[in-house]
Amino acid sequence: RQSLNVASADQRVLVVVAGPDEETKPLRDSLRKVAWNQENVGRFHWDFESDEKVLKELIKGQWTDGGILIVKSSEFGLDGEVMVQLPHDVSAEKLNAALADANKTYAETTEKKVYSEHVAEGRKQGVHFEGAVPYGEDRDGDGEIDKKRGRPQ
925 RQSLNVASAD QRVLVVVAGP DEETKPLRDS LRKVAWNQEN VGRFHWDFES DEKVLKELIK
985 GQWTDGGILI VKSSEFGLDG EVMVQLPHDV SAEKLNAALA DANKTYAETT EKKVYSEHVA
1045 EGRKQGVHFE GAVPYGEDRD GDGEIDKKRG RPQ
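Structural data, given as structure tokens:
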């Protein structure tokens, strides 16, 4: 959920490596070269997910269990849709090509967000995302998020 939300907020394509840990763990090293490729750095968000049930709830579209999912997050990042699915053993060249194509399609079909308008529309629609880190600040250092805006009490 967090990855979909952040990818949506940053207006980037999300790459999800899906499948059991024993299948995906070795990919962490091999995919590093693709993620740090000059054409890819800063253009994608990356995540690994072993819980297929979670993925099926959050990611729509035609895809089968496991693989590398190239995903477009929804407007508010509450879910997403698979653009492309590739097998775990895809070559770096094919993955780079698929990423370039997906990024091009995403750029051509996704309207740029204006932050203030996007937030206002989300509030209007009642969208709320509860992230892993609570909203707000602990300005007084008591370990609790301050309830009031502004200066500490």
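Our numbering numbers the first residue of the sequence shown as 925 and each following residue consecutively.
Where is the CB? At the ideal position from N, CA and C, for every residue including glycine.
Keep in mind that this is a model prediction, so the values were computed, not measured.
Contact check, residue i vs residue j, beta carbons under 8 Å
i: I994; j: V937; result: yes
i: F1000; j: S927; result: no
i: E963; j: A1056; result: no
i: V941; j: L951; result: yes
i: N1080; j: R956; result: For residue 1080 there is no data in the structure shown, the boundaries of the chain being 925 and 1077.
Between the CA atoms of residue j and residue i - distance to the nearest angstrom
i: G990; j: G1004; result: 16 Å
i: Q1009; j: D971; result: 14 Å
i: L982; j: E1041; result: 25 Å
i: G1050; j: K1036; result: 21 Å
i: E1017; j: M1007; result: 18 Å
i: S954; j: E946; result: 14 Å
i: V958; j: P944; result: 21 Å
i: S880; j: G1067; result: The first residue shown for the chain is 925 and the last is 1077, placing residue 880 beyond what the model contains.
i: Y1030; j: S998; result: 12 Å
i: K1012; j: T948; result: Note on identity: in this sequence residue 1012 is His, with Lys being the wrong assignment. Looking at the two C-alpha atoms, the distance is approximately 8 Å.
i: D934; j: E1054; result: 17 Å
Bridge-paired residues (DSSP) for residue i
i: Q962; result: Per DSSP, none; premise fails for Q962.
i: L951; result: Its beta-bridge partners do not exist; DSSP assigns none.
i: V930; result: Per DSSP, none; premise fails for V930.
Residue ranges of each alpha helix (DSSP H) within the region 962 to 1023, 4 or longer
976 to 982
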